[in-house]
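Asker: Heads up, the sequence shown is in the numbering used here, so the first residue is 31 and it goes up one at a time.
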Amino acid sequence: MVSALDVAAFILREKGPLTAMKLQKLVYYSQAWSLVWDEEPLFCEDVQAWTNGPVVPELFQAHRGRFKVDTIPGGDPEKLDAKQAETVRGVLGYYGDKTSQWLSDLTHMEDPWKNARHGCPDGASCNTVIGHDAMAEYYGSIDPDPA
Numbered sequence: 031m032v033s034a035l036d037v038a039a040f041i042l043r044e045k046g047p048l049t050a051m052k053l054q055k056l057v058y059y060s061q062a063w064s065l066v067w068d069e070e071p072l073f074c075e076d077v078q079a080w081t082n083g084p085v086v087p088e089l090f091q092a093h094r095g096r097f098k099v100d101t102i103p104g105g106d107p108e109k110l111d112a113k114q115a116e117t118v119r120g121v122l123g124y125y126g127d128k129t130s131q132w133l134s135d136l137t138h139m140e141d142p143w144k145n146a147r148h149g150c151p152d153g154a155s156c157n158t159v160i161g162h163d164a165m166a167e168y169y170g171s172i173d174p175d176p177a
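1. I need the DSSP call for T137, collapsed to helix, strand or coil.
2. What is the rounded straight-line gap between the Cα of R43 and the Cα of P107?
3. With burial defined as no fewer than 16 other Cβ atoms inside 10 Å of the residue's Cβ, what is the status of F73: buried or exposed?
4. To test your reading of the DSSP string, which unbroken alpha helix (DSSP H) runs of 4 or more residues are found completely within the region 70 to 105?
5. List the whole-angstrom C-beta distance separating L122 from L53, where the pair is believed to meet the contact cut-off of C-beta under 8 Å.
6. Three-state secondary structure (DSSP) at T49?
7. With a Cβ-Cβ cutoff of 8 Å, do S171 and T117 count as a contact?
8. Would you list the one or two residues that DSSP bridges to V57?
9. Thinking just about the alpha-carbon of each residue, which of A146, A154, V85 is nearest to the one in G161?
10. With DSSP as the reference, please indicate the residues paired to V66 in a beta bridge.
11. Counting C-beta neighbours from all protein chains within 10 Å, is the total for S155 16 or more, i.e. buried, or is it exposed?
12. Sorted by chain position, which residues of the same chain lie with C-beta nearer than 8 Å to T137's C-beta, five sequence neighbours on each side aside?
13. Can you tell me where the alpha helix (DSSP H) holding E116 begins and where it ends?
14. If you follow the alpha helix (DSSP H) that A154 is part of, which residue opens it and which one closes it?
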C-alpha cells in the first residue's frame, strides 16, 4: 500500500505547489473516494478530525511550518499504480480547482468530520480518527459530481 506522503507527492506532481490545507483536503478526498470507487483504502495512515478539517498527521509533519508546499520529503508519486493514479486524478478533476477554504468549509459540512468531532468544542484540538467505514458510507451515498 502507498503512503499518504506518496499520494501527496503525486498530487503535487499533478497540480504543482499547493497550500498545506488544500493538499491535506485533497489527500483526504483521495482516501474517501478510493474507499468508495476501489473499495479499499488508498493509504494506511489515519485521518484525524482537526479544527480546520481532516488531516493526516504524518503528512502534517512532512510539511509543518510551510504555507505553500511544493515537495514532500519521503513521498514517491511513482508508487501509485494505475488504478490509484486514476482515483486521485478523478478527485483532482472535481476538487482540484477549489480553494483551500472552500474545501475546508465543505469538510465541515460533511458527516465524517462532524461525527468524529462530536463532543469537541469549536476550535478545540481533536485527534479523533475519521474511520474508513464512516468515509465509505457517507461518500458512497452521495453523487460525486452533482453538476
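Glycine included, every Cβ here is placed at the ideal spot set by N, Cα and C.
Answerer: Here's the rundown:
1. helix
2. 7 Å
3. buried
4. 87 to 93
5. Rounded, the Cβ-Cβ distance is 11 Å, inconsistent with contact.
6. strand
7. no
8. None, per the DSSP bridge assignment.
9. A146
10. Answer is none; V66 lacks a bridge partner.
11. exposed
12. K55, Y58, G83, P84, W143
13. 112 to 125
14. Premise fails: A154 is in no alpha helix (DSSP H) and is neither H nor E.
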